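Residue numbering for the sequence shown follows UniProt numbering, starting at 1 and increasing by one per position. Following: one structure in structure tokens, then a few remarks.
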Amino acid sequence: MPLCEHPSAEIPDIPATTLLGHAAELFRAMGDPERLRLLAMLQGGERCVGELVGEQDKLSTVSARLQALHRARLLHRRREARHIYYRLADEHVARLLNNALEHAAERFATP
């Protein structure tokens, strides 16, 4: 006997545990404001690591953040001589970022 009844609300098919785990990895990688900032900067196109280092950042810190995003398959990278260039992995990443930012703006907007 169910604890509550909602005749009009069917539970949707739940994705496989493996897929849910992969999605959780993506959200963990994106779960840092500075990594989100890097993703936002890369929406404008490919950039080398040096272009992504801000006035307050250390190169090693930015590199570590980019590596975390790359390991989560949110970024692609390529090497050209001594420079490493990063770009968003695909349009899904841009949409995911934009949806998160829109949701945050809507959720935390002052009335």
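Ideal Cβ placement from N, Cα and C applies to all residues, glycine included. Please read these numbers as outputs of a predicted model, since none were measured by experiment.
Check whether residue i and residue j have beta carbons under 8 Å apart
i	j	result
residue 77	residue 85	yes
residue 75	residue 62	no
residue 103	residue 48	no
Residue i versus residue j - alpha carbon distance
i	j	result
residue 26	residue 89	12 Å
residue 67	residue 87	12 Å
residue 10	residue 21	23 Å
residue 5	residue 65	46 Å
Closest by C-alpha distance to residue i, when choosing among the options
i	options	result
residue 35	93, 82, 69, 16	69
residue 96	18, 10, 16, 23	23
Legend entry - Segment contact, 8 Å Cβ cut-off, at least three pairs: the region 20-32 with the region 41-54: no
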